[in-house]
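Scroll down for the structure; my scribbles are underneath it.
Protein chains: 4
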Amino acid sequence: MGVLDRNEFTVIAGPCAVESEEQIFQAAAAIAAQGVGILRGGCFKPRTSPYAFQGMGVVGLRLLREAAKAHGLRSITEVMDVETLDLIASQVDILQIGSRNMQNFSLLRAVGRTQKPVLLKRSFSATYRDLLDAAEYIVAGGNEQIILCERGIRTFEPFTRNTLDISAVPVLKELCRFPVIVDPSHASGLTRLVTPLTLAALAVGADGAMIEVHPCPEGALCDKEQALSFGQFGELMDSLRLMAPTVGRAMPLGSLLAR
Amino acid sequence: MGVLDRNEFTVIAGPCAVESEEQIFQAAAAIAAQGVGILRGGCFKPRTSPYAFQGMGVVGLRLLREAAKAHGLRSITEVMDVETLDLIASQVDILQIGSRNMQNFSLLRAVGRTQKPVLLKRSFSATYRDLLDAAEYIVAGGNEQIILCERGIRTFEPFTRNTLDISAVPVLKELCRFPVIVDPSHASGLTRLVTPLTLAALAVGADGAMIEVHPCPEGALCDKEQALSFGQFGELMDSLRLMAPTVGRAMPLGSLLAR
Amino acid sequence: MGVLDRNEFTVIAGPCAVESEEQIFQAAAAIAAQGVGILRGGCFKPRTSPYAFQGMGVVGLRLLREAAKAHGLRSITEVMDVETLDLIASQVDILQIGSRNMQNFSLLRAVGRTQKPVLLKRSFSATYRDLLDAAEYIVAGGNEQIILCERGIRTFEPFTRNTLDISAVPVLKELCRFPVIVDPSHASGLTRLVTPLTLAALAVGADGAMIEVHPCPEGALCDKEQALSFGQFGELMDSLRLMAPTVGRAMPLGSLLAR
Amino acid sequence: MGVLDRNEFTVIAGPCAVESEEQIFQAAAAIAAQGVGILRGGCFKPRTSPYAFQGMGVVGLRLLREAAKAHGLRSITEVMDVETLDLIASQVDILQIGSRNMQNFSLLRAVGRTQKPVLLKRSFSATYRDLLDAAEYIVAGGNEQIILCERGIRTFEPFTRNTLDISAVPVLKELCRFPVIVDPSHASGLTRLVTPLTLAALAVGADGAMIEVHPCPEGALCDKEQALSFGQFGELMDSLRLMAPTVGRAMPLGSLLAR
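Those protein sequence lines, which keep their order, are chains A, B, C and D. Letter 182 of the first sequence, counting from 1, is numbered 182 in the numbering used here, and no numbers are missing. Letter 75 of the second sequence, counting from 1, is numbered 1075 in the numbering used here, and no numbers are missing. Letter 71 of the third sequence, counting from 1, is numbered 2071 in the numbering used here, and no numbers are missing. Letter 83 of the fourth sequence, counting from 1, is numbered 3083 in the numbering used here, and no numbers are missing.
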């Protein structure tokens, strides 16, 4: 097995940002109860404005690790620079490179020198070729444990935050050997679109999806318009379980706790 | 029931252009055998260059009608101007307004004065709001039998012909009462993407899809890179039949002829 | 001399729409006093919504002709369909095809059969190649008196109405023999950008510009955020007169009336 | 005087990359002879593919400094990461942040803590607001010596490398207090468009332009399709000198050497 089990539709879930011990432990419990194996949570947040909430930093990193460990989950968080890379790599299981850093070539080379799987998000203005070239920077460092993630591109349509380019999935899978997942939360920016878009990702052949889930979306410190509540997340998982066999994918069962 | 049965996932299929009696009758037979109820075929073709094949015109229109009738199908073809509208409306069951004419307001008003259902394709640069405003021109004429069709938007990505905006489906269904279908053939321009994108359309909640099917794709006079053969179309229909119940949709059964 | 004097920087000016006899005569007087030779004014307006002001129609057409004649100007207005083409062609000197009709091939063929110069505006999502192919539809009808007009393309930037693609000018002039002008009013949608963008058009090599001018911009029935007052228009003309000789272009002198 | 003399139209010129001692000294001599005061030259190159030429690194940095010093010029080069920032800041006069790093927030904070002027290039998918927010990251570090640079955005048009958004200049100057320059070389990717686009930049109100100039463009190791020869650069400077007074700008005189 590589970095992801290709027979499964792998769900990565959790809050946009780690906000408190209570929040991340609640999120970890809820997603573990759904059989999901990877917990996401931002600690160092790349915010468009320097005056927006920038994440809990090192403290958040510790909380993410502890919450994941308590529920037998793997953890993933975003790496924003080479300075904090070693620290982050020592604490989490998967490193995330965000859209804005997709062509931060120094950072790509640096994560290429680690032994950690890397989730590489497509920049919202990158062509497929640009994304694959960026992945080559990681490969050039010796690390081939790469997961590509389509998360919406910039277009003229203002209704959604970005425009999910669902065709990216089959094309990228044709052009490379890496698993390809989708982030419907950032792509749409709208909670009510997350479930239909995740089902579309499953149908089109994606290897998984990364979903924002929060114990209390309306109180989230960032991206609250796009997070699912635990109840909404459970319904999404049920829909995925129903559809997955029709495209030849396995899905984890949820436990009684998730009901 | 309105213009489409909303419990079904309605497939509209046929060649890009009517090319000969043999071609359109073969196509009609093949799609009828799959249980599909609507035959498409261009007669007056809007080609980017005036020197490209422009369609069979009036003769094509008659062949389309006869092929549809012979197999108990409804027919649809594109209307390009007010001059030919009455003629076309007398021969086919559904009128199609193409992307390039989505804001041809004179034509929209004219089809609004007919009693025929209108399939309105989104321009490749129209926002959702623009598309809904265009539909209002038809409604203003007294015709509310409208089907909206997402067929890809223009972005910076050169790999696909256009970029299918799958989010258009749930958003348009939220904003209006018209059925919404998807055209994966024009959106991608690539045969091998048609099946995954049609499944994504079903998964995301579309009411149907319009698919280019040709007896011999490699010999098609237009858009041959995006047409399905009868065999590929049969496999697509099988995949749709498998997935449809998981999203609460019915699909027509195929007959023994389609095997 | 062809359709435009290529040694000059040709300014076409006037209101977005003909609104009243007083308005269009005032506008004609003001632009004539600046030495401008072509009066624009919409009579049949292509509005995104069917419930917006649609123009004065036939009455507007007569007023436009009379106002132009009274001041020795040529006139231009938009043609929206084949039905009204003969009427319009009998009343104005130059026919305009708007962005939304750039690929209305039936209309292109029809104006190609007239003897009138045609101003063809680039669709906001057309490539240079698409625009040149559209011009070929007019040429195919026998009419080579074509003026191309860049008027902004659709991008992700929301600040301006569209994004003026200034590079279109030198590229189109390289690829074809038609004069190329710019419409900074529609491109930007903002009065205060019209002067700098028109100067940029002159500097980049455009053969002219089409400018919205209104006796009372704040009271205009359409596009009031982008119209110049007579005073602002005079200042623009003065700036053009100052710069034109440095790029080898002539500009008409204004009369005492314009001061 | 701030980071740039706002009465002048400031030209920054030089090769895409420092390639050899001979090349950068020749370039420095040629641009100094034109009265240009700032020499550009990439040393650490952000290339889309890891297998493309990556620059001469530390050696290139020394050559750039020596060539600039020999001709009384200021120097500018791109900073790609925090690791090499101190080294680069000790060798050059102005730091450049490239498009791909416009939202590399760690790097923005780091250059904000230096005392060097920073040229911040707009990402090819950044809105004006995104660019201004990125500048705030530098300001937040205490450094307000910022120059903004428009260098083309990504659109659907394939003819040019990017689409120069000339409207960015007047809008950014309205929204902030920083000087705004244009990079026509990267925007168009085509040598023959550099002169018209630079004149458009001057006309629209830009405070300067950054131009790729190479002793032998056809032999350049990167971006050879967009570099000017010394002769072409001299003609551009002459055109700028002719136009500049008409928009109230000064331009440096060239010396006899440049003839």
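No residue lacks a Cβ here, since even glycine has one placed at the ideal position from N, Cα and C. All figures in this text were calculated on a predicted structure; none of them were measured in a lab.
Find out if the Cβ-Cβ distance for the pair residue i, residue j is shorter than 8 Å.
i	j	result
glutamate 1235 of chain B	aspartate 1223 of chain B	no
serine 125 of chain A	serine 3125 of chain D	yes
arginine 154 of chain A	serine 188 of chain A	no
isoleucine 1038 of chain B	isoleucine 1076 of chain B	yes
arginine 2249 of chain C	glutamate 2008 of chain C	yes
leucine 132 of chain A	leucine 175 of chain A	yes
threonine 2246 of chain C	serine 3167 of chain D	no
At the level of alpha carbons, what is the spacing between residue i and residue j?
i	j	result
leucine 253 of chain A	threonine 191 of chain A	23 Å
alanine 1028 of chain B	leucine 1063 of chain B	11 Å
glutamate 19 of chain A	alanine 3017 of chain D	45 Å
alanine 1201 of chain B	glutamate 66 of chain A	40 Å
alanine 220 of chain A	leucine 1197 of chain B	34 Å
arginine 1177 of chain B	leucine 1193 of chain B	29 Å
phenylalanine 2044 of chain C	glutamate 2021 of chain C	16 Å
lysine 2116 of chain C	glycine 2002 of chain C	12 Å
methionine 3237 of chain D	alanine 3030 of chain D	12 Å
glycine 3035 of chain D	serine 3255 of chain D	7 Å
phenylalanine 25 of chain A	threonine 10 of chain A	21 Å
asparagine 2959 of chain D	leucine 3119 of chain D	As shown, chain D starts at 3001 and ends at 3259. That puts residue 2959 of chain D outside it, with no answer to give.
valine 3180 of chain D	leucine 3172 of chain D	7 Å
isoleucine 12 of chain A	glutamate 2136 of chain C	53 Å
isoleucine 1058 of chain B	alanine 1134 of chain B	With the sequence shown as reference, residue 1058 of chain B is identified as valine, and isoleucine is not the correct amino acid for it. Straight-line Cα distance between these residues: approximately 27 Å.
proline 215 of chain A	histidine 1214 of chain B	51 Å
glutamate 225 of chain A	alanine 3206 of chain D	39 Å
alanine 2068 of chain C	glutamine 2023 of chain C	12 Å
arginine 3241 of chain D	valine 3111 of chain D	34 Å
aspartate 2081 of chain C	glycine 2231 of chain C	35 Å
leucine 1199 of chain B	aspartate 1165 of chain B	14 Å
Under a CB-based cut-off of 8 Å, is residue i close to chain A?
i	result
serine 3049 of chain D	yes
threonine 2155 of chain C	yes
methionine 1243 of chain B	yes
methionine 2001 of chain C	Unreliable placement is indicated for methionine 2001 of chain C, whose pLDDT of 44 sits below 50; no coordinate value is reported for it.
aspartate 3133 of chain D	yes
Please identify the residue among the options whose C-alpha is closest to the C-alpha of residue i.
i	options	result
valine 278 of chain A	B/Thr1155, B/Met1243, B/Val1171, B/Leu1228	As shown, chain A starts at 1 and ends at 259. That puts residue 278 of chain A outside it, with no answer to give.
glutamate 1006 of chain B	B/Arg1154, B/Ala1209, B/Ala1013	According to the sequence shown, residue 1006 of chain B is arginine rather than glutamate. Nearest of B/Arg1154, B/Ala1209, B/Ala1013 to arginine 1006 of chain B, Cα basis: B/Ala1209.
threonine 1127 of chain B	A/Ala227, A/Gly72, A/Cys216, A/Phe159	A/Phe159
alanine 2227 of chain C	C/Glu2008, C/Ala2032, C/Arg2040, C/Leu2004	C/Arg2040
proline 2046 of chain C	B/Gly1112, B/Val1180, B/Leu1107	B/Leu1107
glutamate 2157 of chain C	D/Arg3122, D/Gln3023, D/Pro3015, D/Ala3013	D/Arg3122
serine 1099 of chain B	B/Gly1152, B/Leu1087, B/Thr1114	B/Gly1152
serine 229 of chain A	A/Pro217, A/Ser239, A/Leu240	A/Pro217
proline 1015 of chain B	B/Val1247, B/Phe1233, B/Ile1097	B/Phe1233
histidine 2071 of chain C	C/Ala2033, C/Glu2136, C/Val2059, C/Gln2054	C/Ala2033
threonine 2195 of chain C	D/Pro3215, D/Met3080, D/Val3169, D/Glu3083	D/Val3169
alanine 2089 of chain C	C/Leu2061, C/Ala2258, C/Lys2069	C/Leu2061
aspartate 3130 of chain D	D/Phe3105, D/Gln3054, D/Arg3241	D/Phe3105
arginine 3074 of chain D	D/Met3056, D/Thr3114, D/Leu3004	D/Leu3004
Beta-carbon of residue i versus every beta-carbon of chain C: anything under 8 Å?
i	result
isoleucine 3166 of chain D	yes
serine 3099 of chain D	no
leucine 3061 of chain D	no
glycine 1014 of chain B	no
proline 179 of chain A	no
Cβ of residue i less than 8 Å from any chain B Cβ?
i	result
valine 171 of chain A	yes
Would you say residue i lies against chain D (beta-carbon separation less than 8 Å)?
i	result
phenylalanine 124 of chain A	yes
proline 1217 of chain B	no
tyrosine 2128 of chain C	yes
Sufficient close CB pairs (3 or more, under 8 Å) joining the stretch 88-96 of chain A to the stretch 45-52 of chain A: no
Across the stretch 1141-1159 of chain B and the stretch 3141-3151 of chain D, are there enough close Cβ pairs to call them in contact, namely three or more that are closer than 8 Å? no
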